[in-house]
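The numbering used here puts the first residue of the sequence shown at 729, with every later residue one more than the last.
Written below as structure tokens is the structure these notes are about.
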Amino acid sequence: MASMLQCLSNCEPLTEHFLSGAFEDELNTDNLLGMGGRLAECYAGLLQRMWSGETVVCRPARIKQLIGEKAPNFQGYQQQDSSEFMNYLLDGNY
């Protein structure tokens with residue numbers, strides 16, 4: 729999970745989209761299958777902390793918790809496939 733979050737955070741266009749707040753206009757809070765924008769907002773908050781320069785370590789516990797709500801295989805602390813995690817994070821609509 730950490731490696732995939734680091735890779736995604738270094739995808740400049742995606743990170744700029746979240747850091748600028750532009751993603752907020754695209755949230756689909758009405759989708760019953762989705763997460764009401766919570767995952768996108770949580771990811772944006774993580775990026776803010778990661779790129780603020782104010783902290784050395786950022787714990788993505790809330791993102792893990794949100795994904796675990798919809799994908800129980802991500803609950804707990806077992807090692808998971810990073811590409812599967814990325815699919816859940818990017819789709820956010822399972």
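C-beta: ideal position from N, C-alpha, C; glycine also.
Reduced DSSP category for residue i - H, G, I as helix; E, B as strand; rest coil
i	result
Y805	coil
M814	helix
Y822	At Y822, the pLDDT of 45 sits below 50, so the modelled position is not reliable; the number obtained from the coordinates is stated separately. Coil, per DSSP.
G762	coil
Under 8 Å between C-beta atoms of residue i and residue j
i	j	result
K792	M729	yes
L775	S737	yes
Q767	L733	Here the sequence assigns Leu to residue 767, which means Gln is not the residue at that position. It is not a contact, given that the beta carbons lie outside the stated cut-off.
R777	T783	yes
Cα-Cα separation, residue i to residue j
i	j	result
C735	T743	11 Å
Y822	F746	For Y822, the predicted model reports a pLDDT of 45, less than 50, meaning its position is unreliable; a value from the coordinates is still stated below. Taking the straight line joining both Cα atoms gives about 21 Å.
M763	T757	7 Å
Q803	F813	12 Å
Bounding residues of the alpha helix (DSSP H) (the contiguous stretch that carries residue i)
i	result
F746	E740 to L747
R766	R766 to W779
L736	A730 to S737
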